[in-house]
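There are 2 protein chains.
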Amino acid sequence: MDNKEIYPVFDKMLSRSDKEELLGQKAVMIWFTGLSGSGKSTLSIALERELFARGYICRLLDGDNIRSGINKNLTFSPADRIENIRRIAEVSKLFVESGIVTMGAFISPTNDVRDLAKSIIGEENFIEVYVSTPISVCEDRDIKGLYKKAHSGELKEFTGVSSPFDEPMNPDISLDTSKREVAESVELLLQLVIPRIEKKR
Amino acid sequence: MDNKEIYPVFDKMLSRSDKEELLGQKAVMIWFTGLSGSGKSTLSIALERELFARGYICRLLDGDNIRSGINKNLTFSPADRIENIRRIAEVSKLFVESGIVTMGAFISPTNDVRDLAKSIIGEENFIEVYVSTPISVCEDRDIKGLYKKAHSGELKEFTGVSSPFDEPMNPDISLDTSKREVAESVELLLQLVIPRIEKKR
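Chains as they are written, first to last, in the working numbering: chain E, 1 to 201; chain F, 202 to 402.
Here's what the structure looks like:
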């Protein structure tokens with residue numbers, strides 16, 4: 001076997017733009033950040049459905065599919081929280097390089113971890129969505145009962161209660177789900193995202 | 202915001218079959234195993250090109266995009282070699298669940314690590330391709346100069362020289378690239394893979 005002779009041009013892996021061409025879309029990373037209970041999952045799931053209905057293929061990464069798989073061997077120690085975001089970003093990069101519209105819904109509480117994600121995925125690929133629902137509303141919702149546990153001390157270092165959340169300094173969009181209906185927020189997201197992913201033919 | 206009321210059916214993430222429908226293909230994992238220099242990368246790259254030409258969207262994972270990214274913080278210690286394969290398998294699972302035809306080209310030298318990958322990705326999704334080129338041919342090629350380093354002792358625990366390679370017990374196909382041209386091997390792979398990924402309309 002002599003690859004060089006048999007596959008003179010074809011011995012390189014297909015590129016992202018080859019795949020974007022096949023899929024008829026441009027890839028991007030949509031990174032949802034915000035407190036627990038702010039509405040990141042709800043908005044990202046709804047956005048994926050709307051994009052899917054328009055023919056866009058997406059991959060949504062969230063705690064459910066990441067913490068149970070690639071990151072199942074990580075704790076919530078400071079070092080592991082950084083490693084958690086690093087791996088999420090590296091996985092996201094692989095999806096973006098495949099031409100896929102990729103979304104992540106993770107608290108990602110500090111400018112440092114969001115900058116880490118952005119630097120791995122590439123700033124030019126990165127759309128930052130700040131789900132800015134006030135903590136009082138998130139605590140009232142307390143869908144998973146986590147705020148209650150954080151206040152009782154059962155959960156240590158819980159973002160917003162016993163661990164800081166840095167507001168993003170320059171998000172592409174901020175959405176407060178206590179002030180807007182899901183459908184309205186998703187409409188704003190579509191207006192932001194579609195120009196970045198649609199492929200002129 | 203009350204998700205339950207606003208999105209009564211739409212608050213669940215899209216499924217693999219939704220995505221397979223959109224992409225017009227069925228997802229599968231094609232796992233290439235074999236010695237360094239056996240031709241795993243060459244065959245997988247060529248297979249991806251042929252599938253792409255037929256309209257299938259694929260993701261090829263290999264040492265270049267994995268060791269420089271998600272697995273850059275792993276060494277070649279026994280524990281890290283297992284973690285290397287575990288992470289590759291978890292990433293592959295995320296791609297397969299997105300409806301993507303996923304390929305991995307990794308030495309993956311033991312039945313244990315291949316079984317680990319298979320158990321994570323799911324046996325029903327797993328096509329095992331054994332690139333069975335004899336070690337004498339791989340050593341003669343020595344494209345990366347690794348066998349020379351392994352024999353001089355510069356590289357420790359090198360598969361096939363100072364570390365074992367278990368032949369797969371029941372691969373879906375075995376291909377010896379010293380006996381077949383790339384094009385012929387790829388043709389056999391297409392005959393194996395296409396019935397698994399084509400979507401009847």
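Glycine is no exception: its CB is placed at the ideal position from the N, C-alpha and C atoms.
Can you tell me whether DSSP reads residue i as helix, strand or coil?
{"i": "Ala-117/E", "result": "helix"}
{"i": "Ser-337/F", "result": "helix"}
{"i": "Ser-364/F", "result": "strand"}
{"i": "Arg-381/F", "result": "coil"}
{"i": "Lys-149/E", "result": "helix"}
{"i": "Leu-61/E", "result": "strand"}
{"i": "Ser-42/E", "result": "Note that residue 42/E is Thr in the sequence shown here, rather than Ser. Residue state, collapsed to three classes: helix."}
{"i": "Leu-14/E", "result": "coil"}
{"i": "Leu-175/E", "result": "strand"}
{"i": "Ser-222/F", "result": "Contrary to the premise, residue 222/F reads as Glu rather than Ser in this sequence. Reduced to three states, the DSSP call for Glu-222/F is helix."}
{"i": "Glu-324/F", "result": "helix"}
{"i": "Ala-228/F", "result": "coil"}
{"i": "Phe-95/E", "result": "helix"}
{"i": "Glu-128/E", "result": "strand"}
{"i": "Phe-32/E", "result": "strand"}
{"i": "Glu-198/E", "result": "strand"}
{"i": "Asn-204/F", "result": "Low confidence applies to Asn-204/F: its pLDDT is 44, below 50, so where it sits in the model is not reliable enough to give any reading."}
Can you tell me whether residue i is buried or exposed, with buried defined as 16 or more other CB within 10 angstroms of its CB?
{"i": "Ile-322/F", "result": "buried"}
{"i": "Phe-76/E", "result": "exposed"}
{"i": "Ala-280/F", "result": "exposed"}
{"i": "Lys-19/E", "result": "buried"}
{"i": "Ile-57/E", "result": "buried"}
{"i": "Ala-89/E", "result": "buried"}
{"i": "Lys-200/E", "result": "exposed"}
{"i": "Ser-269/F", "result": "exposed"}
{"i": "Ala-186/F", "result": "Missing from the structure shown is residue 186/F; chain F here goes from 202 to 402 and no further."}
{"i": "Gly-361/F", "result": "buried"}
Leaving aside the five residues before and after residue i along the sequence, list all residues of the same chain whose C-beta is less than 8 Å from its C-beta, in chain order.
{"i": "Val-193/E", "result": "Val-28, Ile-30, Leu-47, Leu-51, Val-101, Ile-127"}
{"i": "Glu-399/F", "result": "Gln-226, Lys-227"}
{"i": "Asp-172/E", "result": "Ile-127, Glu-128, Val-129, Leu-192"}
{"i": "Arg-217/F", "result": "Ala-228, Val-297, Glu-298, Ser-299, Gly-300"}
{"i": "Leu-223/F", "result": "Gly-300"}
{"i": "Pro-365/F", "result": "Pro-310, Thr-311"}
Throw me the rounded Cβ distance for the residue i and residue j pair, which I believe falls under 8 Å.
{"i": "Arg-59/E", "j": "Ser-299/F", "result": "5 Å"}
{"i": "Thr-110/E", "j": "Asp-166/E", "result": "5 Å"}
{"i": "Ser-337/F", "j": "Ala-351/F", "result": "At roughly 14 Å, the Cβ-Cβ gap does not stay under 8 Å, so Ser-337/F and Ala-351/F are not in contact."}
{"i": "Arg-49/E", "j": "Leu-215/F", "result": "7 Å"}
Just to confirm my understanding: we take residue i, look at its own chain, exclude 5 residues before and 5 after, and list those with CB closer than 7 Å. What are they?
{"i": "Asn-71/E", "result": "Asn-84, Arg-87"}
{"i": "Ser-185/E", "result": "Leu-43, Leu-175, Thr-177"}
{"i": "Leu-246/E", "result": "Residue 246/E lies beyond the range of chain E shown here (1 to 201); nothing can be said about it."}
{"i": "Ile-267/F", "result": "Ile-289"}
Could you check the C-alpha separation between residue i and residue j for me, to the nearest Å?
{"i": "Phe-158/E", "j": "Pro-168/E", "result": "18 Å"}
{"i": "Lys-357/F", "j": "Ser-41/E", "result": "46 Å"}
{"i": "Val-182/E", "j": "Asp-142/E", "result": "18 Å"}
{"i": "Met-304/F", "j": "Val-131/E", "result": "36 Å"}
{"i": "Asp-341/F", "j": "Gly-55/E", "result": "49 Å"}
{"i": "Gly-354/F", "j": "Tyr-348/F", "result": "10 Å"}
{"i": "Asn-326/F", "j": "Lys-319/F", "result": "8 Å"}
{"i": "Glu-324/F", "j": "Leu-317/F", "result": "10 Å"}
{"i": "Pro-195/E", "j": "Lys-179/E", "result": "25 Å"}
{"i": "Asn-170/E", "j": "Lys-345/F", "result": "45 Å"}
{"i": "Ile-107/E", "j": "Phe-233/F", "result": "36 Å"}
{"i": "Glu-187/E", "j": "Lys-213/F", "result": "19 Å"}
{"i": "Pro-335/F", "j": "Ile-246/F", "result": "21 Å"}
{"i": "Leu-295/F", "j": "Ala-254/F", "result": "24 Å"}
Sorted by chain position, which residues of the same chain lie with C-beta nearer than 6 Å to residue i's C-beta, five sequence neighbours on each side aside?
{"i": "Cys-138/E", "result": "Leu-35, Gly-37, Ser-38"}
{"i": "Leu-189/E", "result": "Leu-47"}
{"i": "Val-113/E", "result": "Ile-85"}
Does the beta carbon of residue i sit closer than 8 Å to a beta carbon anywhere in chain A?
{"i": "Glu-90/E", "result": "Considering every chain present, this structure includes no chain A. Its protein chains are E and F."}
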